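In this note's numbering, the protein residues as written are -3 to 437.
From the three backbone atoms N, C-alpha and C, an ideal C-beta is built for every residue, glycine too.
These numbers were taken from a predicted model, which means no experiment stands behind them.
The next block holds one structure in the form of structure tokens; read it before the comments.
So, in structure tokens, the structure goes:
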């Protein structure tokens, strides 16, 4: 079978600031399909031109499109175009998983793959190749005789069984971190926490599945041979198992795999685990992304973070002791937020003295508990505005314009501090403030 996989253009603010990483999900699917003998072309519209409006989709037997909420409008257009050529169209990703019924009822595609796609998509392609139109595959939904058929999705239990992601086109990516050419990898899937604004636990499950340390090391060896000096671990929560982190770091040092890297963490997983922080530092960790979210404990309780704001300063001190920078993330616009609590959070962020600070406006993404909670209040119908920089629901305390002003002021307050201007540089500040739509990192 000849298959085209498409990662639609995002146009987000990470992209505009140069932070573009390969689409690991599609790259894993690409590897699985190639192992089974299929011809696969993966197009990432964030780094290569793809004239989809004039493209002859008839060249392919199956077109697979990755869909998250912000990119749904462009994904919808591509899907309709491909369908017009009579090509079998499959959609997957968080947004497609959340809205598979509506997507199928509108006829945007022939099949929706729910959740993790490697096994389900691969089995679906095999069924299509065999002429089976209505296969019974867990994680695949479609319409049969006017009714939607869906078998619950399944998770891949042993991640070591997966081939490494296909990196045939990595030469297209120019992202750098800590002065080194950078790429991404993932060492686990799933998240046991249930923050109401995050879909990770719904999409990947609340039970964590880990790749073995040996398997991760083998991939890192390949990346080193490819010339990468920096990696980003895209696990939802890299530090949830301190023993595993220490083992991985020790093995990286034993194998002389010298990378500068960063990862995602939780504040409460770092305190009391100085041994883990020290091991990470020795193994090349230069930064951790941590969602502090708010300076107000009632807001944190609303978010379901199960954290207290006061630990943030202890965490930053611990990381700075080992020369690990902090990428601090905050979310404003909680139902309990007021102008006073947001100002408190901004002052907190300034005082924290993190290397990078990100603010987002609370957004009810489809597939999250927050979406179910607020769907009757959602007033914005343009999915492109579900980007963390717009208020998309009717808020009890703010209009969209009022919250946007507070959002802009938050970035201005943090990034006009002399310390950050000196650290990040005047060009960075100009570039940041030039994006008046979001001021988002």
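How is residue i classed by DSSP in three states: helix, strand or coil?
| i | result |
| --- | --- |
| residue 226 | strand |
| residue 123 | helix |
| residue 43 | coil |
| residue 5 | coil |
| residue 193 | coil |
| residue 340 | helix |
| residue 25 | helix |
| residue 243 | helix |
| residue 139 | strand |
| residue 367 | helix |
| residue 321 | strand |
| residue 166 | helix |
| residue 154 | coil |
| residue 233 | coil |
| residue 78 | helix |
| residue 211 | helix |
With burial defined as no fewer than 16 other Cβ atoms inside 10 Å of the residue's Cβ, what is the status of residue i: buried or exposed?
| i | result |
| --- | --- |
| residue 272 | buried |
| residue 101 | exposed |
| residue 329 | buried |
| residue 373 | exposed |
| residue 40 | buried |
| residue 282 | buried |
| residue 154 | exposed |
| residue 367 | buried |
| residue 3 | buried |
| residue 218 | exposed |
| residue 335 | exposed |
DSSP puts residue i in a beta bridge; with which residues?
| i | result |
| --- | --- |
| residue 177 | 172 |
| residue 327 | 356 |
| residue 383 | According to DSSP, which records beta bridges pairwise, residue 383 is partnered with nothing at all. |
| residue 184 | 206 |
| residue 449 | Outside the modelled stretch of the chain, which goes from -3 to 437, sits residue 449, for which no answer is possible. |
| residue 389 | 374 |
Identify the continuous beta strand (DSSP E) that holds residue i and give its terminal residues.
| i | result |
| --- | --- |
| residue 146 | 143 to 146 |
| residue 256 | 256 to 261 |
| residue 61 | 58 to 62 |
| residue 272 | Residue 272 -> not in any beta strand (DSSP E); alpha helix (DSSP H) instead, spanning 270 to 278. |
| residue 84 | 84 to 88 |
| residue 477 | Absent from the structure is residue 477, since the part of the chain shown begins at -3 and ends at 437. |
Between which two residues does the alpha helix (DSSP H) holding residue i run?
| i | result |
| --- | --- |
| residue 281 | No alpha helix (DSSP H) holds residue 281; the beta strand (DSSP E) holding it covers 281 to 289. |
| residue 50 | Note, residue 50: premise wrong, no alpha helix (DSSP H); not H, not E. |
| residue 311 | 307 to 317 |
| residue 66 | Counting along the chain, residue 66 falls outside any alpha helix (DSSP H), and DSSP gives it neither H nor E. |
Report, in whole angstroms, the separation of the C-beta atoms of residue i and residue j, which I expect to be a contact under 8 Å.
| i | j | result |
| --- | --- | --- |
| residue 382 | residue 364 | Going by Cβ atoms, the distance from residue 382 to residue 364 rounds to 11 Å, so no, they are not a contact pair. |
| residue 152 | residue 115 | 6 Å |
| residue 195 | residue 90 | 5 Å |
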